[in-house]
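Novice: Below is a structure I'd like to ask you about.
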Amino acid sequence: MELLILLFVAAAAMWMIPVIHRGRVIPVTMMMLITGTVFGPFFFAIDGPIQFSLDRLLWLGIIGMVVVGWRLGNIKFPKPGRIDWLMAGLSAFLLFSALRGGDGPGVIESSPTARWLFYIFMPLGTYAVARTIRLNVSDMRWVFGSILGLGLYLAITGIFEIKEMHWAVFPKHISNPEVWEFYGRARGPLLNPIANGFLMGLALMVAVVEFFRSGVRQRKLFFGIAAFILLFGVYATLTRSCWMGAIGAIGLVAMIHSPRWVRVLGLASVVLLAGAMAMGLKDQFMEIKRDKALSAAEAAKSVELRPLLAIVAYEMFKDKPIAGHGFGHYFENNGPYHDNREYDLPLEKVRVYVQHNTFLSILVDGGLIGILMFSLPLLVFFVVGWQLARRPQSSPDARYLGILMISAIVIYVANAMFHDLIVIPMVQMFLMFIAGLAINVHGQGITAERIQPRRQAASQRDHRVVAAT
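First residue of the sequence shown: 1, per full-length UniProt numbering; consecutive thereafter.
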């Protein structure tokens, strides 16, 4: 394993030399995101007071690149907007919240400060990088192409997983049966089908947009096949929220590009169809067998736990409604609330579970202040994406990015209603990266392709030759 890692690092370093030399921060950032997904802490990590992995080292390198570029005058920081101050305020508040907790009778399972560092600070640092760099057409191609490539890899790997073709799965820790949770589903290298479905949903939207904007038949065929593979990959997660997110994103994008009467008719049809399916297929939908270690009956019971968790969250919120119990201090404080007999419900059954809802988790940990500071940026990002997608003066790539931003929010919220996405690796990183790009393009636009001095000199030399003949 160590030899493989050294070879990977050496090859990546050689490949990245010209990219770093040219100051191409966005390609390096995409490499960091892909590395964190495929070769993250589950693949290789150095344990210590703070766990280091390949992607976290790359993240530090990216911050260094930005600082060096700023010192050399190649990067100019834009004037912070209100959304930037809000993001900084959210980070500061959650850090204070993580540090001030600690008075509960329970036991902390993981460091709240480490949770803040890896799941709040690093994603917001990635947002800041994407927000700062002056973007060009080549950068956007890197982003869209990398997301599509990563999604196809995850989808194909997920298909291999559910078909039990473990010999074709890489990295091998994905198919390790000793890690039993989500085994048998498309959990991917992050060992989590929700994160897998989120990333494949983003790639699916890239494939759909490329299919409709490509004028060449061969390209349409390629992106059509890619979309089909990604749909199969999302299905292979066997996660209802991932299905809902992907369907919702596709439907919303279709509404953007359809006449009003088509949008109204389509929305009415979806409501009627959803109602009919809910009445006719509810039991089968809820009892679908997913994990190999989880029966269909147990899968149905897992759905019943969510109302119990919501009651616990409500009772905890009532005690500390303004600033919450402290970020990352849930298990330290939740114990007494499971002994509440007022509801005549088995609240004890969910004592060992985290909140299965991102918004309830933030509400309990951060109170009204936390949930407002967390939810408002999501709304702003959606509005910015909508404006980029619908604004007549937007360039094609800006509209493309706007659609991706809208899709990311739809997929994120669909999954956040049923899972705590804060603690799922790489979800926040990708969301904040796309959000930073969207805010950047909304304010500064996308520049034309940069012409390197060597290419420019060659072009001028060719022009002189043509003129002489």
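Virtual Cβ for every residue (Gly too), placed ideally from N, Cα, C.
Ile439 and Arg141 look like a contact to me (Cβ under 8 Å); what is the Cβ gap, rounded to whole Å?
Specialist: That pair is no contact at about 20 Å.
Novice: From which residue to which residue does the alpha helix (DSSP H) around Gly443 run?
Specialist: Note, Gly443: alpha helix (DSSP H), Val427 to Gln444.
Novice: Taking the beta carbon of Gln284 as the centre, do at least 16 other beta carbons fall within 10 Å, making it buried, or is it exposed?
Specialist: For Gln284, the predicted structure reports a pLDDT of 49, less than 50, and the residue's modelled location is therefore unreliable. The matter cannot be settled from this model.
Novice: Just curious, the alpha helix (DSSP H) that Thr128 is in, first and last residue?
Specialist: Note on identity: in this sequence residue 128 is Ala, with Thr being the wrong assignment. First-last of the alpha helix (DSSP H) with Ala128: Met122 to Thr132.
Novice: Any idea what DSSP makes of Phe52, helix, strand or coil?
Specialist: Here Phe52 sits in strand by DSSP.
Novice: If you draw a straight line from the alpha carbon of Arg100 to that of Phe121, how long is it in whole angstroms?
Specialist: Arg100 and Phe121: Cα-Cα distance of roughly 17 Å.
Novice: Helix, strand or coil for residue 480, going by three-state DSSP, please let me know.
Specialist: Lying before the first or after the last residue shown, residue 480 is absent from the chain, which here runs from 1 to 469.
Novice: Could you check whether Leu376 and Leu86 sit closer than 8 Å to each other, using their CB atoms as the reference points?
Specialist: Result yes, Cβ atoms of Leu86 and Leu376 sit closer than 8 Å.
Novice: Note the first and the last residue of the continuous alpha helix (DSSP H) segment covering Met31.
Specialist: Looking at the DSSP string, the run of the alpha helix (DSSP H) that includes Met31 is Val25 to Val38.
Novice: Among residues of its own chain, excluding the 5 on either side of Gly443, which ones have a beta-carbon nearer than 6 Å to its beta-carbon?
Specialist: If we look at Gly443 and ignore the five residues flanking it on each side, it has no Cβ neighbours.
Novice: Nearest to Phe331 by alpha carbon, out of Ala226, Val350 and Leu401?
Specialist: Ranking the options by Cα distance to Phe331, first place goes to Val350.
Novice: Which same chain residues, not among the five before or five after Pro137, have their C-beta less than 7 Å away from its C-beta?
Specialist: Correcting the residue type first, residue 137 is Val in the shown sequence and not Pro. Here the set comprises Asp397, Ile446, Ala448 and Glu449.
Novice: Does DSSP put Thr237 in a helix, a strand or coil?
Specialist: If DSSP states are grouped into helix, strand and coil, Thr237 belongs with coil.
Novice: Using only CA atoms, which one of Glu315, Leu252 and Leu190 lies nearest to Ile174?
Specialist: For Ile174, the nearest C-alpha among the options comes from Leu190.
Novice: Checking 8 Å against the spacing of the C-beta atoms, do Ala414 and Gly245 come in under that value?
Specialist: For Ala414 and Gly245, yes; Cβs fall inside 8 Å.
Novice: Report yes or no: do the region 148-164 and the region 411-426 share at least 3 C-beta pairs separated by less than 8 Å?
Specialist: No: fewer than three Cβ pairs fall under 8 Å.
Novice: Could you tell me whether the region 381-394 touches the region 339-356, using the rule of 3 or more Cβ pairs below 8 Å?
Specialist: No: fewer than three Cβ pairs fall under 8 Å.
Novice: Classify Ile406 as buried or exposed, calling it buried when 16 or more other Cβ atoms lie within 10 Å of its own Cβ.
Specialist: So Ile406 counts as buried.
Novice: Provide the residue span of the alpha helix (DSSP H) that contains Val413, from first to last.
Specialist: Run containing Val413: Pro396 to Ala416, per the alpha helix (DSSP H) assignment.
Novice: Mind reading off the beta-carbon distance from Met65 to Ser146? Whole number of angstroms is fine, and I expect it under 8 Å.
Specialist: Rounded, the Cβ-Cβ distance is 17 Å, inconsistent with contact.
Novice: Our contact map puts Val427 next to Ala249 with C-beta atoms below 8 Å; I'd like the distance itself, whole angstroms only.
Specialist: The Cβ separation is near 15 Å, so there is no contact.
Novice: If you draw a straight line from the C-alpha of Trp116 to the C-alpha of Val25, how long is it?
Specialist: The alpha-carbon atoms of Trp116 and Val25 are separated by roughly 24 Å.
Novice: Exposed or buried, what is His166 when buried is set at 16 or more other beta-carbons lying within 10 Å of its beta-carbon?
Specialist: Exposed, because fewer than 16 other Cβ atoms sit within 10 Å of the Cβ of His166.
Novice: Taking the alpha helix (DSSP H) that Tyr330 belongs to, which residues open and close that run?
Specialist: Counting along the chain, the alpha helix (DSSP H) containing Tyr330 begins and ends at Tyr330 to Asn333.
Novice: With contact counted as at least three CB pairs below 8 Å, one residue from each stretch, are the region 89-96 and the region 60-77 in contact?
Specialist: No: fewer than three Cβ pairs fall under 8 Å.
Novice: For Phe430, count neighbouring Cβ atoms within 10 angstroms of its own Cβ and tell me buried if that reaches 16, exposed if not.
Specialist: Buried.
Novice: Do you know how far the Cα of His338 is from the Cα of Val143?
Specialist: Answer to the nearest angstrom: the Cα atoms are 45 Å apart.
Novice: Is the beta carbon of Tyr353 within less than 7 Å of some heavy atom of the ligand ADP?
Specialist: The model on display carries no ligand, and the ligand ADP is accordingly not part of it.
Novice: What did DSSP end up calling Ile322 once you bin it into helix, strand or coil?
Specialist: Reduced to three states, the DSSP call for Ile322 is coil.
Novice: With respect to the alpha helix (DSSP H) encompassing residue 477, which residues constitute its N-terminal and C-terminal limits?
Specialist: Residue 477 is absent from the model: the chain starts at 1 and stops at 469.
Novice: Is the distance from the Cβ of Ile256 to the Cβ of Ala435 below 8 Å?
Specialist: No; because the gap between Cβ atoms is not below 8 Å, this pair is not in contact.
Novice: What would DSSP say about Ile46, mapped onto helix, strand or coil?
Specialist: DSSP places Ile46 in strand when its eight states are reduced to three.
Novice: Comparing C-alpha positions only, which one of Ile83, Ile362, Leu305 and Leu94 sits nearest to Ala128?
Specialist: Ranking the options by Cα distance to Ala128, first place goes to Ile83.
Novice: Return the chain-ordered ranges of every alpha helix (DSSP H) run that is complete within the region 336-392 and spans a minimum of 4 residues.
Specialist: You should have 358-390.
Novice: Quick one: Cα of His419 to Cα of Leu368, how far?
Specialist: Distance between the alpha carbons of His419 and Leu368 is about 20 Å.
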